[in-house]
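For the sequence shown, the numbering used here begins at 388 and goes up steadily by one.
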Amino acid sequence: MRIVFLGPPGAGKGTQAARLMERHGIPQLSTGDMLRAAVKAGTPVGLKAKAIMEQGGLVPDAIVVGIVAERFMEPDAAKGFILDGFPRTVGQAEALDLALEHRGLKLDAVLELEVDPKVLVDRIERRAADTRAAGGTVRPDDTPEVVSKRLATYHEQTAPVSSYYAGSNRLKAIDGMAPIEAVAESIDAALAAPAH
Ligand code: ADP
């Protein structure tokens, strides 16, 4: 099963993707995690991505498309994958369709977690506070200024990706305001429903 998870920062994509990963035995491919690993390792991609991520902007499509296209050819993704944080631009969505088509593959579902923008900042702030309380390291882009920039970037560049998938009848909207378990149930129902 090949799934794309759309939704703004703080929507709960990571939480739900982790659950689906266990349930379906397919890996969660988070471009945010891949880029953070590249930054940590100081690779050429990481060196380019660091400043952009710290400012809440988007890493260029060519870089991100390259790492995803390589990643989904790894053996653990042979049965499928859950993309979290990608595609984030219409260009990335088009490149993904093309890369899959070249390999005779296609997406089974595109799920969008819909959350009231007013709760997103609170959710991210709470996540940062919880991490800090547990003695963990807070992401450098989880400061209030960068969070608002990330949300603005989302509305400008990523929101059109929903229309891209809706236009080809592939988008399934999920109410992301419900409790975690209820969101999980809506996702299971959406995945079980026949594709149109
Ligand atoms: P969140 O969903 O909480 O904003 P992510 O972990 O998905 O966070 O991404 C963190 C940052 O990594 C983004 O703000 C962006 O700078 C970069 N990034 C992640 N995925 C992409 C992508 N598909 N295209 C461009 N930049 C990306």
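Note that beta-carbon positions come from the ideal geometry of N, C-alpha and C, so glycine has one too.
Remember, it's a predicted structure, so these values are computed and weren't measured experimentally.
Closer than 7 Å: residue i CB and nearest ligand 1 heavy atom
i, result
"PRO531", "no"
"ILE439", "yes"
"LEU422", "yes"
"PRO431", "no"
"ARG612", "Any answer about residue 612 is impossible in this case: the structure gives the chain only from 388 up to 583."
"PRO474", "yes"
"ASP562", "no"
"VAL508", "no"
"GLY419", "yes"
Among the options, nearest to residue i - alpha-carbon criterion
i, options, result
"GLY443", "LEU578, ILE567 and GLU532", "GLU532"
"GLY453", "LEU483, ALA438, THR476 and ILE469", "LEU483"
"VAL534", "ARG423, GLY394, GLN479 and GLU512", "GLU512"
"VAL477", "GLU457, ILE469 and VAL451", "VAL451"
"ALA553", "ARG526, LEU393 and LEU407", "LEU393"
"MET388", "ARG519, PHE459 and HIS489", "PHE459"
"ASN556", "THR530, VAL502, ARG537 and VAL497", "VAL497"
"ASP528", "ARG423, GLU481, THR402 and LEU558", "ARG423"
"THR418", "GLU409, GLY401 and GLY429", "GLY401"
Boundaries of the alpha helix (DSSP H) in which residue i is found, first to last residue
i, result
"ALA449", "448-458"
Residue interval of the beta strand (DSSP E) (run including residue i)
i, result
"GLN415", "415-417"
"LEU494", "Careful: LEU494 lies outside any beta strand (DSSP E) and carries neither H nor E."
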